[in-house]
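Residue numbers (the working numbering): 1389 to 1697.
Ideal placement from N, C-alpha and C gives every residue a C-beta, glycine not left out.
Keep in mind it's a predicted model, so treat the numbers as computed, not measured.
Structure record follows, encoded as structure tokens.
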Amino acid sequence: MVTGLAVAPEFIDELVDRFLHRIVRADRARPTGLNASEGWDSVTRDGATQDDLTGDAVTGDGESDAVVGADFADQVFSGERWIGRRFVDCRFTDADLRGLVTERCEFTECDFSRADLGESVHRGSALRACVFTRSTLTGASLVACSLLGSQFTDCRLRPITITDTDLTLTSLGGADLRETDLAGLRMREANLVGADLRGSSLRGADLSGARLSGARLEGADLRGTDLAGLRMREANLVGADLRGSSLRGANLSGARLSGARLEGADLRDAVLEPTGLTTARLAGARVDVAIAVGFARAHGLLVDLTGAD
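This is the structure we're talking about:
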């Protein structure tokens, strides 16, 4: 037996840190609930501490209250409840977040790729500039949240409940949002190119600057919506309800408008093929001379513009 061997304290601390780090990495089945601390050491993954993940709500406004750069990949947080937590540049890739409840939490530039957020509930939380690639959000609910600048790619979203939530600058290109209620939401400059919005409600949504080229909007409810100046090239609006909406100056070139309800809509200065309006319902719609003439010619009328101002 060897005695009297002197070992530097720094070396012992390093060994302990490495050992605990490996234990935490390997232990994916953590205790249930945010307040459960049995079996947990104070050392956690990649700079995060136990206090960042357990205990009561985080209070205070300082940057030190946030978990920054932590790696929670493959971790299990299913069914937990987080209140007032802040995460910056953290990885939740492949994490199990099913049934997670967040209230007044902030996630900034976090990666949720392939994470399971099914049946999760978020109230007053912000997920800003976050990445969701092939993530699952089926059955999720977002109430009074912000998704400012977040990007959704190849995600499973239906069914999803989104209420009083800010989708400004959110990228939902190609997203499947069929029959989703998006009425009244703030969606300024959102990317909805190629999105499937068939049967969805966008009534009264703020779509200023949004991109809707190639979007599928068959049977969508767009009543009273301001679509002025939007890019809607090749959009499919067959059977869409656009009554009382403003399409003034919108680019509808190549858009399909068969059976669309355009009663009382404002089509002045819109870029469109007048022949596409032949089967649309247009009672009370406002059009400019160019559209009126094109529409008349599409119906076989010979328009005489001689002497017109």
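CA-to-CA, the gap between I1550 and G1612 works out to about 20 Å. Straight through space, the alpha carbons of L1565 and S1559 are spaced by roughly 13 Å. Secondary structure note for R1674: it is in no alpha helix (DSSP H), with a DSSP letter that is neither H nor E. Ranked by Cα distance from G1652, the first of R1636, L1690, G1527 is R1636. In this chain, the beta strand (DSSP E) harbouring I1471 covers 1469-1471. Counting the other CB atoms within 10 Å of its CB gives H1510 a total of 16 or more, which places it among the buried residues. For E1497, there is no enclosing beta strand (DSSP E), as DSSP marks it with neither H nor E. The Cβ neighbour count for D1676, taken over all protein chains shown within 10 Å, is under 16; the residue is labelled exposed.
With fewer than 16 neighbouring CB atoms inside 10 Å of its own CB, L1693 falls in the exposed class. Between A1608 and S1588, the C-beta gap is smaller than 8 Å, which places the two residues in contact.
By the neighbour-count definition (other C-beta atoms within 10 Å, threshold 16), L1645 is a buried residue. DSSP places Q1539 in the uninterrupted beta strand (DSSP E) bounded by 1539-1541. Leaving aside the five residues that flank R1546 on each side, the residues in its chain whose CB is nearer than 8 Å to its CB run, in chain order, T1526, D1564, L1565, R1566, E1567, T1568. By the Cβ-count criterion, D1542 is exposed, with fewer than 16 other Cβ atoms from all chains shown falling within 10 Å of its own Cβ. In the three-state reduction of the DSSP assignment, L1530 falls in the strand class.
In this chain, the beta strand (DSSP E) harbouring E1491 covers 1489-1491.
Here R1522 is not bridged, per DSSP, to any residue.
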